[in-house]
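Numbering (the numbering used here), first residue to last: 3 to 158.
Yeah, the Cβ is synthetic: ideal placement off N, Cα and C, and Gly gets one too.
Have a look at the structure below before the remarks.
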């Protein structure tokens with residue numbers, strides 16, 4: 003909920019794949035639902051090039067819309083590699099922030115994900131600011147329960 007959208011973090015893809023596979027079934031399911039899929043992570047971990055599609059974007063949108071209406075859910079197989087890459091990067095940041103919210107020491111989080119302490123601290127600050135913006139957004143829409151939930155993440 004409070005993972006910033008515009009975070010520019012390039013994961014160590016081999017490490018990311020390992021950490022994803024270590025997640026509980028429930029946590030992997032969350033990743034799958036937002037668009038993080040094992041085959042894509044495996045391709046990235048092995049340094050495979052990004053695939054490009056020859057289909058037009060309009061054609062893909064039409065296919066996606068028909069699939070969504072029929073099944074009532076999103077099809078992540080229809081996402082472009084660029085979209086999947088963006089989702090995977092954001093989920094990676096969410097994994098880091100999740101460990102911090104669980105009160106795992108910053109040094110341990112840095113070691114687990116092989117990232118610099120300064121980057122983790124910057125992510126915390128960005129997430130706090132993003133949580134503040136989401137909280138105000140929820141308040142203005144009258145979503146008070148969600149506002150209360152998101153507001154609790156601002157200081158963490």
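- By the Cβ criterion, the region 85-101 is in contact with the region 109-126, since at least three pairs of Cβ atoms, one from each stretch, lie closer than 8 angstroms.
- For residue 148 and residue 140, the gap between their C-alpha atoms comes out near 7 angstroms.
- The closest CA to that of residue 49, considering only 16, 110 and 33, is found on 16.
- By the neighbour-count criterion, in which a residue is buried when 16 or more other Cβ atoms sit within 10 angstroms of its Cβ, residue 137 is buried.
- Going by DSSP, residue 91 is part of the alpha helix (DSSP H) stretching over 83-103.
- Contact annotation, residue 92 with residue 5: C-beta distance approximately 6 angstroms; criterion of less than 8 angstroms satisfied.
- Between the alpha carbons of residue 13 and residue 151 lies a gap of roughly 28 angstroms.
- In the DSSP assignment, residue 146 falls within the alpha helix (DSSP H) that extends over 146-153.
- Residue 133 is positioned such that its CB atom lies no closer than 8 angstroms to that of residue 115.
- About 6 angstroms separates the Cβ atoms of residue 37 and residue 86, confirming a contact at the 8 angstroms cut-off.
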